[in-house]
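Residue numbers (the numbering used here), protein chains in the order written: chain B, 3 to 588; chain A, 3 to 588.
In structure tokens, the structure reads:
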């Protein structure tokens, strides 16, 4: 080793030891006959001191001319510092340096390698290897490492077997777009990269593996949004001979284990809510429960009082923002403009201030008496000092709009503390959802999800009303993962494909192997997958999963550091028996 | 849960308990009023008993008609067996069954689900999910699981950070062929799947991550051989501020840890050998050290005695097979034919039997006296009863041929015990090797491997003589992994690319990001990668890595179970802006 100790290791009890340290120059302070160098590595920072007299002249000169981010090796004796630094664990000591070797010089970095940097997003992505050198960024990846190890410890202890499923699989047009890989050996044919190991984990259950898990890369060729990546990581699991309750309890234990081990947070009971209630009370299938502000429906109280907007609405629904009655006219106008932005799309916003004196002031005083407004306030559980915010219109649309407003109010009122964690199981999802574009039903979860037994008769009469044995884990308004109890017999699976608009031939070509497997003794089984990048982001208190990925891609799916994707040679194309359907250079 | 216990759990102390078991029907024995069913799951086998009288008539009937591999749920009381089975841990008890539910029927499997099966390779691959149901196959995957968990425990404890590197990267024509992924968003451009995370792990060292590891899928589009797969798994590692000795010691510790934890085998010191010695004494850079049979050169003793074959040979070299003097004429002819097969390609084989009476009998008695042969025997350390086998010809070719013969003799004489493990570090590999096809030097390890400092001057004068800071771990003649101390400065890396025949432009286009990174303070670093599939196979005592992969591909790179690769739709091609350069159906 080019060191005897790391830069985070030396303490008072090491005083007197001859040590060798290696690392990066964080800072150089030159006071004439005295030079201090802060030497940094992954483990910490140790101060080196170069003194005139005790070190030879050349050494002092060499130290004084070290640049930021130079990689050096320093030898010397650990001494006690005269002025200690209690902000760092090594702050009691310094190394009186007698030997200095420059292992590698460094150009001036394109941005400052400190917790606070002057580098913009683009620059930091191009030089991601320098961005990762910043403590705050490295710690995010260390958190991720910790999460991975603790996940595996838990799963292993619960008898889950880690099995690697293939990356080169088969394209199935259902769902999102696949990334495809032309086969050179099987000309004209393609592999696909997995969107999830779904069918393989189900086959492992048919194999009697009983409990499977994997922390696995998955791939989706989607148009990217801020928090999507073309490749992402899942904690993927499957269990045999289970019912929904068993899966919920197992992964509630995993979640609590991770919070306890990684965040030192003891989670309470995980709440549960039906999809229907989540939509009714939060307008959203992933409600943020760090704050209440439940939806309250006001149709019966607010309609038929002469206010056309409400009278013509399918739904009049509001939330109560506690303590917000002192919002100024300007703030209320801003809120109104906010809900009217095209991203939200509301026609307007009705407010009612519950004044401290028991009176009400609303934007619809023309139409409603103080008694009317008192009745609204009572139903909404409002107290003097609260602010009621009410939207109206088509039910589904209005709920979505109010959901956005609720989240904004939660943020504005400081009710969404990144250090508070409110996990929630959302249950009883619909099995199918109607797709306007293709004019057919799609599987809300995926085509392998089982319908609730008692709802199966509805499949023919009212497919949209059939509930699935499906569940999502939501934390702080973010969907962490979802799963379901699967179909495990061929006939139900065939029926499901039929309802999803597959012909028998299509079902057979794409999933014939799975339906055949179901005929050879498939056990009842179910599972779940957690979005690992997102779970890490939640643990780290960040909105962006990109921070928790070592080498993320940008919104165009590019890795700007290595400049990928890139053009390939004609020889490569020819070997793969493909041609570009456009000119290489436009 | 659809069970209270697994099928491997019940013991004498559970007698009297009411239990519910779920699993697969392994066997049904029907003795009229008495039916036994062996119920199997991943954890074991438990005997169910159905008795006339104590169970109702229907139940007995139902049990008698259960088919192999039916999935059932059985309820009943644990009772002590009258005739115990001490071959299985549950053999003291059985379950007196009072309730039976068929969870899923099963067709007769296409092959027998037992340790010994009648299914051929092709059939078992098509129904891999049934093959995996066999205990002997499942245990191989359980071994793999165990190896993964222990690897991670060790690496975590030694401060290695697990970092996931990207799967969608950039094509680099150096090395084996890349699998390519057309980009839909960046039309005409392609991602490549990584052959290894080499450049990313080096960048992580530039980032100061200090110690990185990953158990990671890698991809090579090669023409497949029996023990190659297009996707395979590596234990991939990198360390900063290390010298070769540090890497060797760290991964020697990992190897010992795995043997100790997984195999309960305590490995001794790992031997070390230079590449030059491995070639000289074993004709092979991955010698199997479970047996000795070192090469002995005989030129000075065997030439100029009138035997033209030896006289004209660059090298005369032999091995001593202990105790094989009683090989019959027929056996010796068979050996001669074996080395003359085109796969080996020797012109002939010379043997010398060292008789028990001290005399010698050879195939070249015409040319050599008893004293001549005695001198050979002495040099080769032979004793009465041993057999000398000698080949001659061009030095490199002859060493390769003798290496094959040595391994065959080791196998024939029972010297290659699967339960004996002989690890070896092979060191001091050449940096470059001459490629006859392209008429230029290739990197023997890869272009990022550093030359030994003292050999750098040779780069201009005698490139083939330059040794690398590279090392391979070999166990029982199988290359488990290899690594090197890397180049960490731009100038050396540029020089290396030049010697490999890259123009400056090519080097810049493909690896510019890495060379630029080296300018911002790259620490000295090195690492290693172990072939994880192969390591598992060695631990399991198998020659085939395929057994240790849950869903392997066949020799044409096909997954015959899911039938992949496969044709894709015209829409998919169009979205990716590519066309097939051949007709879809030929």
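Here a beta-carbon is modelled for each residue, glycine too, at the ideal position from N, C-alpha and C.
Quantities reported herein were computed from a predicted structural model and do not represent experimental measurements.
Among A/248, A/122, A/73, A/529, the one whose alpha carbon lies nearest that of residue 6 of chain B
Start at 1 with the first residue of the first chain, and residue 6 of chain B comes out as number 4. Cα-wise, what sits closest to residue 6 of chain B is A/248.
Just mark residue 65 of chain A as buried or exposed, buried being the case when its beta carbon has 16 or more other beta carbons within 10 Å.
For the purposes of this step, residue 65 of chain A is identified with residue 63 of the second chain, where counting begins at 1. Its Cβ being crowded by 16 or more others within 10 Å, residue 65 of chain A is buried.
To the nearest angstrom, report how far apart residue 530 of chain B and residue 415 of chain A are at their CA atoms.
Here residue 530 of chain B refers to the residue found at position 528 when the first chain is read from its first residue. Here residue 415 of chain A refers to the residue found at position 413 when the second chain is read from its first residue. Approximately 53 Å between the Cα atoms of the pair.
Mapping the DSSP letters down to three states, classify residue 9 of chain A as helix, strand or coil.
By 1-based counting over the second chain, the position of residue 9 of chain A is 7. Correct three-state label for residue 9 of chain A: coil.
Could you tell me the alpha carbon to alpha carbon distance between residue 598 of chain B and residue 528 of chain B, rounded to whole angstroms?
Outside the shown range of chain B (3 to 588) lies residue 598 of chain B, about which nothing can therefore be said.
Against chain A, does residue 250 of chain B count as a neighbour if the rule is that its beta carbon must be under 8 Å from one of theirs?
Taking the first residue of the first chain as position 1, residue 250 of chain B is located at position 248. Judged by the 8 Å Cβ criterion, residue 250 of chain B is not in contact with chain A.
Check whether the Cβ atoms of residue 24 of chain B and residue 125 of chain B lie closer than 8 Å to each other.
The residue you call residue 24 of chain B lines up with position 22 of the first chain. The residue you call residue 125 of chain B lines up with position 123 of the first chain. No, these two residues do not count as a Cβ contact at 8 Å.
Any beta carbon from chain B within less than 8 Å of residue 4 of chain A's own beta carbon?
Taking the second chain and counting its residues from 1, one reaches residue 4 of chain A at position 2. Yes - at least one Cβ of chain B is within 8 Å of the one on residue 4 of chain A.
Residues, ordered as in the chain, of the segment 50-83 of chain A that lie near chain B by beta-carbon distance below 7 Å
For the segment 50-83 of chain A, the set of residues with a beta-carbon nearer than 7 Å to any beta-carbon of chain B comprises 71, 72, 73, in chain order.
Whose C-alpha, out of A/240, A/493, A/520, A/294, is nearest the C-alpha of residue 132 of chain B?
For the purposes of this step, residue 132 of chain B is taken as the residue at position 130 of the first chain. In terms of Cα proximity to residue 132 of chain B, the closest of A/240, A/493, A/520, A/294 is A/520.
Judging by CA-CA distance, which residue of A/490, A/484, A/478, A/566 is the nearest neighbour of residue 544 of chain A?
Reading the second chain from its first residue, position 542 is the one you call residue 544 of chain A. Minimum Cα distance to residue 544 of chain A is reached at A/478.
Does the CB of residue 187 of chain A have a neighbour CB from chain E at under 8 Å?
No chain E appears in this structure, whose protein chains are B and A.
Mind the definition here: the segment 417-434 of chain B touches the segment 442-452 of chain B only if three or more C-beta pairs lie below 8 Å; say whether that holds.
Taking a contact to require three or more Cβ pairs closer than 8 Å, the segment 417-434 of chain B and the segment 442-452 of chain B qualify as touching.
Tell me which residues of the segment 506-540 of chain A have at least one Cβ-Cβ distance to chain B shorter than 7 Å, keeping chain order.
Here the close residues are 515, 519, 521, 522, 523, 524, 525, 526.
Curious, which full-length alpha helix (DSSP H) runs of at least 4 residues does the segment 6-81 of chain A contain?
Qualifying alpha helix (DSSP H) stretches, in chain order: 59-66.
Counting contacts by CB-CB distance shorter than 8 Å, is residue 38 of chain A in contact with chain B?
As a position in the second chain, residue 38 of chain A is number 36, starting the count at 1. No, its Cβ sits nowhere closer than 8 Å to a Cβ of chain B.
Between the CA atoms of residue 189 of chain B and residue 587 of chain A - distance to the nearest angstrom
What you label residue 587 of chain A is simply residue 585 of the second chain in a count that begins at 1. What you label residue 189 of chain B is simply residue 187 of the first chain in a count that begins at 1. Reliability fails at residue 587 of chain A, whose pLDDT of 48 lies under 50, so the model's placement of it is uncertain and the value that follows must be treated cautiously. Answer to the nearest angstrom: the Cα atoms are 10 Å apart.
Within the same chain, show all residues whose beta-carbon is closer than 8 Å to that of residue 563 of chain B, passing over the 5 residues directly before and after it, in chain order.
For the purposes of this step, residue 563 of chain B is taken as residue 561 along the first chain, with counting starting at 1. 127, 128, 129, 130, 131, 553, listed in sequence order.
Measure from the C-beta of residue 558 of chain B to each C-beta in chain A and report whether the shortest distance is under 8 Å.
The sequence position of residue 558 of chain B within the first chain is 556, counting from 1. At least one beta carbon of chain A lies nearer than 8 Å to the beta carbon of residue 558 of chain B.
Interface residues of chain A around residue 106 of chain B at Cβ under 8 Å?
As a first step, residue 106 of chain B is located in the first chain; it is residue number 104 there, counting from the start. Going along chain A in sequence order, the residues near residue 106 of chain B (Cβ under 8 Å) are 490, 491, 520, 523, 524, 525, 526.
Using beta-carbon positions only, say whether residue 387 of chain B and residue 327 of chain B come within less than 8 Å of one another.
Stepping through the first chain from its first residue, residue 387 of chain B is reached at position 385. Stepping through the first chain from its first residue, residue 327 of chain B is reached at position 325. Using a Cβ distance threshold of 8 Å, residue 387 of chain B and residue 327 of chain B count as a contacting pair.
Simplified DSSP state of residue 236 of chain A, which is helix, strand or coil:
Taking the first residue of the second chain as position 1, residue 236 of chain A is located at position 234. DSSP places residue 236 of chain A in strand when its eight states are reduced to three.
Alpha helix (DSSP H) segment containing residue 202 of chain B, residue limits:
For this step, residue 202 of chain B is matched to residue 200 along the first chain. Looking at the DSSP string, the run of the alpha helix (DSSP H) that includes residue 202 of chain B is 200-208.
In the DSSP assignment, what are the bridge partners of residue 428 of chain B?
Here residue 428 of chain B refers to the residue found at position 426 of the first chain. Beta-bridge partners of residue 428 of chain B (DSSP): B/275, B/474.
Does the segment 74-92 of chain A come within contact of the segment 43-50 of chain A, defined as at least 3 CB pairs closer than 8 Å?
Verdict: yes, contact present.
Here's the rule I'm using: 16 or more other beta-carbon atoms within 10 Å means buried, otherwise exposed. How should residue 483 of chain A be labelled?
As a position in the second chain, residue 483 of chain A is number 481, starting the count at 1. It counts as buried.
Contact between the segment 309-324 of chain A and the segment 389-404 of chain A: three or more CB pairs below 8 Å?
The segment 309-324 of chain A, when compared against the segment 389-404 of chain A, does touch it at the 8 Å Cβ threshold.
For residue 584 of chain B, return the contacting residues in chain A, with the cut-off set at a CB-CB distance below 8 Å.
Here residue 584 of chain B refers to the residue found at position 582 of the first chain. Neighbours of residue 584 of chain B in chain A, taken as residues whose beta carbon is under 8 Å from its own, are 189, 190, 579 in chain order.
Quick one: Cα of residue 97 of chain A to Cα of residue 472 of chain B, how far?
By 1-based counting over the second chain, the position of residue 97 of chain A is 95. By 1-based counting over the first chain, the position of residue 472 of chain B is 470. Going from the Cα of residue 97 of chain A to the Cα of residue 472 of chain B covers about 34 Å.
Beta-carbon neighbours of residue 565 of chain A, restricted to chain B and to distances below 9 Å:
Working through the second chain from its first residue, we reach residue 565 of chain A at position 563. One finds 172, 511, 514, 515 in chain B with Cβ atoms closer than 9 Å to the Cβ of residue 565 of chain A, taken in chain order.
Please state whether DSSP places residue 437 of chain A in a helix, a strand or coil.
Walking along the second chain from the start, residue 437 of chain A turns up at place 435. In the three-state DSSP reduction, residue 437 of chain A falls in the strand class (E or B).
Quick check: is the beta carbon of residue 405 of chain B nearer than 8 Å to any beta carbon in chain A?
By one-based count along the first chain, residue 405 of chain B stands at place 403. Contact with chain A is absent for residue 405 of chain B, since none of that chain's Cβ atoms lies less than 8 Å from the residue's Cβ.
Please say whether residue 102 of chain B and residue 61 of chain B have beta carbons closer to each other than 8 Å?
Mapped onto the first chain, residue 61 of chain B falls at position 59. Mapped onto the first chain, residue 102 of chain B falls at position 100. Cβ distance < 8 Å, so residue 61 of chain B and residue 102 of chain B count as in contact.
Ordered along the chain, which non-local residues of its own chain (more than five positions away) have a Cβ less than 6 Å from that of residue 119 of chain A?
For this step, residue 119 of chain A is matched to residue 117 along the second chain. Result list for residue 119 of chain A: 113, in chain order.
Closest residue to residue 53 of chain B among B/300, B/63, B/36, B/211 (Cα-Cα distance):
Reading the first chain from its first residue, position 51 is the one you call residue 53 of chain B. Looking only at B/300, B/63, B/36, B/211, the smallest Cα-Cα distance to residue 53 of chain B is reached by B/36.
So, is the C-beta of residue 263 of chain A closer than 8 Å to a C-beta in chain B?
Translated into the one-based positions of the second chain, residue 263 of chain A becomes position 261. The beta carbon of residue 263 of chain A does not come within 8 Å of any beta carbon belonging to chain B, so the residue lies off that interface.
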